[in-house]
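K.L.:
Pasting in a structure now, in structure tokens, and then I'll have a few things to ask.
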Amino acid sequence: MDDVVFSCVCCGALLNLDPSNVYPADTYFEAGNKGTISFTAIDDTKFRQERDKRIFPFFETIDHWGIQRDRIKLLCISCGKLVGYIYKDGPAITDNPTGQYGFGPSQVVPRLPRYRLKIKALHQSRAGAAAQQGK
559 MDDVVFSCVC
569 CGALLNLDPS
579 NVYPADTYFE
589 AGNKGTISFT
599 AIDDTKFRQE
609 RDKRIFPFFE
619 TIDHWGIQRD
629 RIKLLCISCG
639 KLVGYIYKDG
649 PAITDNPTGQ
659 YGFGPSQVVP
669 RLPRYRLKIK
679 ALHQSRAGAA
689 AQQGK
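Positions in the sequence shown are counted from 1; adding 558 to them yields my numbering.
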């Protein structure tokens with residue numbers, strides 16, 4: 559997967575996503591991972607971020623549900639298409655599994671962001687093929 563280039567399926571803009579930043583496919587996330595690719599980091603210059611904060615019941619998985627959804631939308635900077643979301647359910651920042659204050663559940667354990675991009679919103683091609691298209 560190291561030679562894969564990701565672009566927006568709508569406008570073809572290169573998203574400059576580094577395949578070395580992809581989480582392993584078997585990594586568990588509370589918000590799930592179905593139909594998406596999760597990255598540890600992205601190029602902020604290729605995306606516009608828009609806060610998505612709503613109060614309503616939501617169910618991502620059996621273990622991940624709530625009343626208030628607080629996430630950030632990732633939109634293609636070129637065409638504005640929704641490409642994915644930023645979730646706060648990445649790896650814990652602290653080594654203490656019960657959180658920095660000893661409270662326990664993941665909501666109080668400080669976590670790194672996870673960039674969850676929709677597979678349907680991404681076009682994947684080989685690095686050599688993408689270079690040929692750019693000429």
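Ideal placement from N, C-alpha and C gives every residue a C-beta, glycine not left out.
Note that this is a predicted model, so its numbers are computed, not measured.
If distances are taken between C-alpha atoms only, which option among G648, L675 and I651 comes closest to K631?
P.N.:
L675
K.L.:
Nearest by alpha-carbon distance to L670: which of K678, G642, A599 and D584 is it?
P.N.:
A599
K.L.:
Report the three-state DSSP secondary structure of T594 (helix, strand or coil).
P.N.:
strand
K.L.:
Let me know if Y586 comes out buried or exposed under the rule of 16 or more other beta-carbons within 10 Å of its beta-carbon.
P.N.:
exposed
K.L.:
Smallest Cα separation from D628: which of I677, D647 and N574?
P.N.:
D647
K.L.:
Might you give, ordered along the chain, the residues of its own chain that have their beta carbon closer than 6 Å to the beta carbon of G642, omitting 5 neighbours on each side?
P.N.:
Cβ neighbours of G642 beyond the five flanking positions: L632, R674, L675 and K676.
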